[in-house]
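Numbering (my numbering), first residue to last: 353 to 584.
Here's what the structure looks like:
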């Protein structure tokens, strides 16, 4: 009877393992909170190039800001074989990062990230019965608001200068990786790092000459993300 009980317990364990492994597959929805650092580099043609000692053709400045972000992600994962997981996802988040860089005297070029949409794929290895380590990557679209503040207040003028405002979205990419830990058969928690490159965008200032290349801005983002989700 003793040996029969041991064999029965071992068989039950072997039968249960594949079922529990399925906890890392299926549809999922998760809420996300992140701490992010967003950086922007601005480039502008030098209006005083001929008078500049260094003869720089362009003026450049950069700034970065750290802020919280909140979002949601929907996805589907499939368990292939005994431990390999492949899946896809879409997501959206809201940000409050603002950057301002001084370009000419007191003129400021400012950029703020408002929201971003993501779509991508991830691949990973199941750890134990309901946990996962993975890498991810894909497409990102970010909406930015920008302003060029010619607020030069000199000794003869106490009035603020003109402010030009812009808004638009930029296509880029993101890559990252993380760890997902099963809390129950359907509930999981995760921690991940994601880098995003939003690429380049160009703004035309009203007083620029027709041949000038415009105000060029490039932005990227580093995120540390914590999330909690449900599988179905």
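The beta-carbon is built from N, C-alpha and C at its ideal position, and this holds for glycine as well.
Residue i - DSSP class collapsed to helix/strand/coil
i: residue 584; result: coil
i: residue 459; result: coil
i: residue 417; result: strand
i: residue 375; result: helix
Opposing strand residues paired with residue i [DSSP bridges]
i: residue 438; result: 430, 475
i: residue 488; result: 474, 528
i: residue 468; result: 445, 494
i: residue 481; result: DSSP output for residue 481 lists no bridge partner at all.
i: residue 501; result: 460, 515
i: residue 523; result: 493
i: residue 550; result: DSSP, once it has assigned bridges, lists no residue as partnering residue 550.
heavy atom of the ligand COA below 7 Å from residue i C-beta
i: residue 546; result: Because no ligand of any kind appears in the structure shown, any question about the ligand COA cannot be addressed here.
Option nearest residue i by Cα separation, candidates the options
i: residue 436; options: 474, 463, 417, 418; result: 474
i: residue 455; options: 552, 535, 415; result: 415
i: residue 553; options: 418, 450, 491, 394; result: 394
i: residue 588; options: 464, 469, 519; result: The requested residue 588 is not part of the displayed model; the chain covers only 353 to 584.
i: residue 427; options: 382, 538, 535; result: 382
i: residue 411; options: 385, 420, 423, 396; result: 396
i: residue 520; options: 413, 550, 478, 575; result: 550
i: residue 440; options: 420, 472, 423, 452; result: 472
i: residue 433; options: 539, 470, 577, 478; result: 478
Extent of the continuous beta strand (DSSP E) to which residue i belongs
i: residue 536; result: Counting along the chain, residue 536 falls outside any beta strand (DSSP E), and DSSP gives it neither H nor E.
i: residue 383; result: 378-397
Residue i classed as buried or exposed, judged by whether at least 16 other C-beta atoms fall within 10 angstroms
i: residue 524; result: buried
i: residue 418; result: exposed
i: residue 496; result: buried
i: residue 545; result: exposed
i: residue 460; result: buried
i: residue 431; result: buried
i: residue 506; result: Here the model assigns residue 506 a pLDDT of 45, short of 50, so the residue's position is not dependable, and the following value carries that caveat. Per the 10 Å Cβ criterion, exposed.
i: residue 376; result: buried
Minimum Cβ-Cβ distance from residue i to chain B less than 8 Å
i: residue 475; result: The displayed structure is made up of one protein chain only, and chain B is not part of it.
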